[in-house]
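Sequences listed follow chains U and Z, in order. With positions in the first sequence counted from 1, the corresponding number in this note's numbering is that position plus 9. With positions in the second sequence counted from 1, the corresponding number in this note's numbering is that position plus 9. Below is one structure, written out as structure tokens; comments come after it.
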Amino acid sequence: MSDVALQQGRLHLRLPAGWIVAVLVALAVLVPYAAPQTFAWAKAYPATWIVPVSDWLKAFLYWLARDLTFGLFTFKEMTRFISSLFGYALAVPKAVFSTGITFGDEDGAFHIPRVSWAGLIAAVTVWSYMLGGLRLAVLGFVGFAYILVFGQWDSAMVTLSQVLLAVLCGVAGGIGLGILAFRVPRLEGAVVATLDFMQTVPTFAYLVPLVFLVGVGPVSGMLATILYAMPPMVRVTMMALKRVPPELDELARMTGCQPRQVLWKVLVPSARDDLLVGVNQVIMLTLNMIIIAAMIGAGGLGFDVLNALRQANGLGKGLEAGLAVVALAIVLDRMSRALVELRPVHGAAAQHRRRLFWAGLAALIGFTLLSFAFPALESLPPEWRITTGSMWSDVVSWVNINLFSTADALRTFLLIYILVPVKTFLIGFPWVGLLAVVAGGAWSLGGWRFALGMTALIAFIPVAGLWERGMTTIYLCSISVVIASLIGLPLGFLGSRSERMHKFLGAMCDTLQTLPSFVYLLPVVMLFRIGDVSALVAIVLYAMVPAIRFTDHGLRRVPPSLQEAGTMAGCTGMQRLAKVELPYALPEIMLGVNQVIMMALSMLVISSFVGTNDLGKQIQVAISQADPGKGLSAGLAIAFLGILADRMIGRWVAARRERMGF
Amino acid sequence: MAMVTLAPTPDSSPGKTRLSADAPPALVCRNLWKVYGANAETFLRENPEATPAEIRAAGLFAAVRDATLEIRQGEIFIIMGLSGSGKSTLVRCLSRLVEPTAGLVFYEHQNLLRMTPDELIQLRRHKMGMVFQNFALLPHRTVLGNVAFPLEVQGLPKEEREERARKVIDLVGLTERAGHYPRELSGGQQQRVGIARSLAAEPALWFLDEPFSALDPLIRHEMQNEFLRLQRMLSKTIVFITHDFDEAIRLGDRIAIMKDGVIIQVGTAEELVLKPASDYVAAFTRHVARAKVLTAGGVCVPVIPGEPLGPIVPASARLAEVAAAVLSADAPAAVVDANGALLGKLVKASLIADLVGGGQ
């Protein structure tokens with residue numbers, strides 16, 4: 010050892026700092042392997058050094074729940090109050106869409122029916138026509154008719170009523186906070202930092218403290234959903250208001266608007282398009298989360314999917330419910346997108362539009378009134394429903410019989426040659442080495458202070474005693490990111506080369522992104538059963554989209570003059586790609602990979618359902634055991650991993666862009 | 010060269026309303042500064058005569074330096090300069106869209122910079138109108154909704170404001186389009202909406218910030234005529250920003266030329282052509298169609314008593330209008346003012362020199 014140290018000391022005089030750092034990192038990795046006895050502490054993190062973060066978090070939450078008081082009321086009373094408030098609020102859409110209202114007891118009961126299925130389908134169809142023409146109308150009709158005919162209506166209405174309330178709260182709260190941050194510049198920094206954090210914390214982690222503080226049930230599901238779906242709306246609002254041309258602000262002031270008038274008469278209406286894009290995002294995130302929130306008792310379609318996953322032979326039913334989720338998601342997505350595109354019109358066109366709107370509303374109310382007389386209009390009689398559950402079960406068993414050997418061979422291959430070796434390697438990796446690798450990489454990207462911050466983030470995993478689960482997370486995440494990139498980048502490349510491919514991929518990505526993450530698990534489990542491979546495939550499918558999108562977009566943005574310069578210099582097609590286009594598009598592509606990592610991390614938690622043993626599993630266990638400390642610490646660890654990847658890639662992209670003069 | 014043209018020259022050109030120099034000032038600014046950067050105010054208080062180098066050395070940026078102007082009631086006052094010359098900032102200081110760092114702004118003897126936010130709102134609602142370069146139309150409102158907007162802000166009832174808005178829309182010739190949305194209109198039509206909106210509240214003071222710069226040349230010319238037509242009807246006090254010198258001499262009664270935040274010269278187009286204060290101004294005026302800018306009174310020379318004179322031309326006439334008469338006559342032309350008093354003569358040779366730009 011002294012030899013090395015000596016050599017190092019001499020090197021110090023001649024070599025730049027980069028070499029020293031590289032040598033130090035190599036030492037930190039290799040030495041624990043070379044001398045496992047002497048440096049046992051550097052290889053496996055000593056159990057005695059573990060800081061009981063989970064216990065602290067647990068104690069903190071217990072303190073919140075039991076002892077924290079704001080003088081007039083306690084924290085617990087506050088959460089109770091909020092949850093009962095949401096409970097009342099939720100009762101309204103639930104009665105309207107799902108249960109109707111029944112007065113009196115069973116005998117002389119008077120029943121006000123819920124919104125009639127016929128009315129809702131008619132209204133959705135007419136409004137879709139108003140928003141996006143015939144194609145959207147067909148889509149709306151088919152989507153909702155599917156839900157009805159296949160007997161998913163009751164669950165879907167529970168979900169829909171929750172979605173409506175959550176979207177309302179998310180949008181209102183998001184716009185409110187966004188305006189606040191826009192108006193009060195001092196708050197902006199704090200708001201942005203909070204949003205950054207909230208958006209890296211995995212979906213599941215929200216559930217843990219909520220279950221603890223609010224309890225299991227639809228209300229905590231709602232709250233989790235709102236918390237999850239609101240941040241993008243805040244961001245969009247801030248951005249949208251900033252993007253309003255300064256001339257419009259000047260106009261407002263020159264016409265003598267009061268500050269309130271400036272905001273509501275000029276800025277907000279002018280930002281309409283951007284704000285509606287935010288609303289679309291909120292709707293999709295809400296749907297995604299409300300399905301997941303079935304875990305803590307939100308009910309609805311999510312519960313059906315979850316239930317199917319838990320049962321051995323429930324896959325057929327689960328697929329049916331999953332498809333209902335897909336139908337709901339696609340219809341809501343396309344309708345809200347069409348709303349963004351909707352331009353104000355005048356004259357006859359405007360009148361036509363108004364008429365369609367009222368026609369939809371009239372159908373909605375008319376059919377509902379009719380269902381006083383014809384109960385079949387409120388709830389479709391069972392004999393009219395079709396279930397494909399048995400068909401899907403048949404499909405599942407057919408798949409099991411016929412594809413099992415193929416799928417199993419693939420599964421075994423992946424496990425033996427890729428997954429297990431990587432997993433073993435990473436779990437056996439010296440923790441000091443991991444810290445050193447991160448520190449070295451961060452140092453080369455952003456200097457000492459940056460390296461210190463990044464190392465602190467990664468250090469959380471061993472220090473909090475999460476080594477094995479953390480490394481499992483890293484292993485699953487990195488393999489899925491590699492595979493997703495290996496699939497996504499070439500697809501994106503193809504998309505950049507042909508218009509038809511571009512369109513096809515665009516439609517595919519749209520659909521993939523519309524599906525709530527939970528739904529991905531169903532077909533995957535069908536093919537690969539429970540285990541790491543299922544998780545891997547689900548993550549790859551879910552996280553692949555940004556790799557395709559950003560590569561396509563990045564390559565398309567290469568200026569034609571550069572391509573011509575490459576061609577004129579005598580490049581072959583491959584040379585042009587490798588020497589001109591890829592280097593130019595690389596920052597954009599890396600941003601795509603960054604997104605892939607973020608999505609993989611969030612999907613990882615959900616895929617713990619199909620039997621991985623990572624941090625996500627710990628969160629899931631924490632929910633079922635109501636151990637908020639464990640769940641939170643695992644959630645934090647995942648969030649830290651996300652922040653780490655995000656900041657490192659962000660630095661790299663910024664440096665690269667600066668060098669290229671963007 | 011004789012400088013007699015500063016005498017009033019009413020109805021000299023079809024569009025403009027020449028005003029006497031003693032029309033009361035409407036908008037006045039004195040020693041106005043706008044300096045960007047930390048502690049700009051303190052710096053300026055300590056260095057009231059700061060030079061550009063000192064300002065830069067202090068890490069500050071001066072967008073407007075020591076501007077003093079008097080804009081008279083009913084005149085079209087042009088602020089001209091290239092981009093980055095500070096003309097936009099100056100006009101925003103005059104309307105207090107931008108808070109000046111130092112100096113005074115008076116509108117009809119009220120100190121604009123001392124006004125409370127409420128007073129300012131009232132002033133803007135009733136006295137000021139502004140037209141923007143990129144139109145600044147509200148995309149979610151129809152033409153009618155846009156034009157009625159200032160009245161809506163004032164809280165007028167719907168019927169009244171729409172009635173008044175319709176009148177202004179008629180005025181700019183968009184009657185047929187009142188129900189359209191901005192995106193359904195051409196650029197020229199959009200700016201007509203912008204103009205109509207700025208006039209809806211019947212302001213006395215009208216700011217136009219490069220209103221025609223975003224339009225293509227043919228439309229621009231048409232809109233300039235439209236603007237002159239409106240001003241003949243309305244006689245507002247106008248502050249008009251442009252970077253186009255041709256537009257400036259076409260529209261303006263007086264022109265202020267700005268460079269690097271400083272007003273270099275203020276004068277009529279003719280004064281700028283004949284007596285440029287610096288090479289910079291001279292460079293702007295070099296390519297001007299002189300025949301259309303110079304007047305007989307501006308270039309005439311003193312008469313030798315008893316000299317025989319030929320045709321009589323009014324002092325306010327442009328050289329382009331009198332050239333034929335002067336050149337075809339044997340004797341020099343007599344230049345007379347509006348009351349018929351003899352001001353000087355126009356000699357053929359010097360007239361040609363004036364027209365080709367070698368007169369100085």
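For every residue, glycine included, the Cβ atom is placed at its ideal position computed from N, Cα and C. None of the values given here were measured: they were computed from a predicted structure.
Residue j beta carbon less than 8 Å from that of residue i
{"i": "H149(Z)", "j": "P278(U)", "result": "yes"}
{"i": "P317(Z)", "j": "A305(Z)", "result": "no"}
{"i": "F150(U)", "j": "T134(U)", "result": "yes"}
{"i": "L222(U)", "j": "T108(U)", "result": "no"}
{"i": "L475(U)", "j": "A643(U)", "result": "yes"}
{"i": "I156(U)", "j": "L337(U)", "result": "yes"}
{"i": "L217(Z)", "j": "F249(Z)", "result": "yes"}
{"i": "Y138(U)", "j": "L129(U)", "result": "no"}
{"i": "L530(U)", "j": "F618(U)", "result": "yes"}
{"i": "M207(U)", "j": "P240(U)", "result": "yes"}
{"i": "F86(Z)", "j": "R241(Z)", "result": "no"}
{"i": "N603(U)", "j": "A654(U)", "result": "yes"}
{"i": "L50(Z)", "j": "N56(Z)", "result": "It should be pointed out that residue 50(Z) corresponds to Glu in this sequence rather than to Leu. No."}
{"i": "A334(Z)", "j": "P320(Z)", "result": "yes"}
{"i": "G179(U)", "j": "V291(U)", "result": "yes"}
{"i": "V193(U)", "j": "A445(U)", "result": "no"}
{"i": "W393(U)", "j": "E329(U)", "result": "no"}
{"i": "A359(U)", "j": "G141(U)", "result": "no"}
{"i": "H252(Z)", "j": "M89(Z)", "result": "yes"}
{"i": "V286(U)", "j": "V340(U)", "result": "no"}
Of the residues the options, the one placed nearest residue i, counting alpha carbons only
{"i": "I374(U)", "options": "D655(U), A131(U), E329(U)", "result": "A131(U)"}
{"i": "E590(U)", "options": "T246(U), A574(U), T209(U), N603(U)", "result": "A574(U)"}
{"i": "M553(U)", "options": "W661(U), L495(U), L653(U)", "result": "L495(U)"}
{"i": "E211(Z)", "options": "K136(Z), F52(Z), V335(Z)", "result": "K136(Z)"}
{"i": "A68(Z)", "options": "L53(Z), D75(Z), T77(Z), A76(Z)", "result": "In the sequence as presented, Ala is not what sits at residue 68(Z); that position holds Gly. The candidate whose alpha carbon is nearest that of G68(Z) is L53(Z)."}
{"i": "R660(U)", "options": "Q360(U), L600(U), F106(U)", "result": "L600(U)"}
{"i": "S93(U)", "options": "A547(U), G182(U), M231(U)", "result": "M231(U)"}
{"i": "A199(U)", "options": "V243(U), I483(U), T212(U), G479(U)", "result": "V243(U)"}
{"i": "T57(U)", "options": "L524(U), Q522(U), P471(U)", "result": "P471(U)"}
{"i": "K639(U)", "options": "T234(U), P61(U), P525(U), F95(U)", "result": "P61(U)"}
{"i": "A104(U)", "options": "K85(U), F84(U), S125(U), E86(U)", "result": "S125(U)"}
{"i": "P555(U)", "options": "C580(U), A609(U), V534(U)", "result": "A609(U)"}
The ligand MN heavy atom lying under 7 Å from the CB of residue i
{"i": "A368(U)", "result": "The ligand MN is absent from the structure shown, which contains no ligands of any kind."}
Discussion item. For the structure I just gave you, are there three or more beta carbon pairs, one from the segment 246 to 260 of chain U and one from the segment 303 to 310 of chain U, closer than 8 Å?
Written reply: no
Fill in: Length-filtered (3 minimum) beta strand (DSSP E) runs lying within the segment 199 to 286 of chain Z
214 to 218, 246 to 251, 263 to 268, 271 to 276
Discussion item. Restricting to runs no shorter than 4 residues, where is the alpha helix (DSSP H) found entirely within the segment 493 to 580 of chain U?
Written reply: 508 to 523, 530 to 537, 541 to 565, 569 to 577
Fill in: Members of the segment 276 to 291 of chain U that neighbour chain Z once the beta carbon cut-off is set at 7 Å
P278, S279, R281
Fill in: Residues from the segment 99 to 114 of chain Z in contact with chain U, defined by Cβ distance under 7 Å
S104, L106
Item to complete: Note down, one range per segment and in chain order, each alpha helix (DSSP H) of at least 4 residues found wholly within the segment 388 to 450 of chain U.
Response: 398 to 407, 413 to 422, 429 to 436
Discussion item. Residues of the segment 252 to 264 of chain U in Cβ contact with chain Z at a cutoff of 7 Å, in chain order, please.
Written reply: Of all residues in the segment 252 to 264 of chain U, only P254, E256, L257, E259, L260, R262, M263, T264 come within less than 7 Å of chain Z when Cβ atoms are compared, listed by chain position.
Fill in: Segments assigned beta strand (DSSP E), at least 3 residues, entirely inside the segment 327 to 359 of chain Z
342 to 345, 351 to 355
Worksheet entry | Positions along the segment 156 to 177 of chain Z whose CB lies within less than 8 Å of some CB in chain U | F158, P159, E161, V162, Q163
Discussion item. Three Cβ pairs or more, each shorter than 8 Å: is that satisfied between the segment 126 to 145 of chain Z and the segment 262 to 272 of chain U?
Written reply: yes
Fill in: Contact the segment 96 to 110 of chain Z vs the segment 276 to 287 of chain Z: 3+ CB pairs below 8 Å
no
Discussion item. Under 7 Å, CB to CB, which of the residues in the segment 230 to 251 of chain Z have a partner in chain U?
Written reply: none
Worksheet item: Does the count of Cβ pairs from the segment 290 to 302 of chain Z and the segment 325 to 333 of chain Z closer than 8 Å reach three?
Response: yes
Item to complete: Scan the segment 339 to 356 of chain U for residues whose Cβ lies nearer than 9 Å to a Cβ of chain Z and list them as they occur along the chain.
Response: R352, P353, V354, H355, G356
Worksheet item: Quick one, which residues of the segment 44 to 70 of chain Z are near chain U if we go by CB-CB under 8 Å, in chain order?
Response: Flagged: no residues at all.
Discussion item. Report the start-end ranges of each beta strand (DSSP E) in the segment 585 to 630 of chain U that is 3 residues or longer and not cut off at the edges.
Written reply: none
Worksheet item: Using a Cβ cut-off of 9 Å, which residues of the segment 273 to 297 of chain Z contact any Cβ in chain U, in chain order?
Response: Of all residues in the segment 273 to 297 of chain Z, none has a Cβ within less than 9 Å of some Cβ in chain U.
Worksheet item: Counting only runs that start and end within the segment 99 to 161 of chain U, where is the beta strand (DSSP E) found for 3 or more residues in a row?
Response: Listed in chain order, the beta strand (DSSP E) elements of length 3 or more contained wholly in the segment 99 to 161 of chain U are 110 to 112, 119 to 121.
Discussion item. Below 8 Å, how does it come out for the segment 555 to 567 of chain U and the segment 452 to 462 of chain U: are there three or more Cβ pairs, yes or no?
Written reply: no
Discussion item. By the 9 Å beta-carbon criterion, what residues does the segment 306 to 318 of chain Z contribute toward chain U?
Written reply: none
Discussion item. Below 8 Å, how does it come out for the segment 103 to 117 of chain Z and the segment 157 to 175 of chain Z: are there three or more Cβ pairs, yes or no?
Written reply: No, the segment 103 to 117 of chain Z does not touch the segment 157 to 175 of chain Z.
Item to complete: Only counting runs of 4 or more residues, tell me where the alpha helix (DSSP H) segments fall wholly within the segment 78 to 137 of chain Z, in order along the chain.
Response: 96 to 103, 126 to 136
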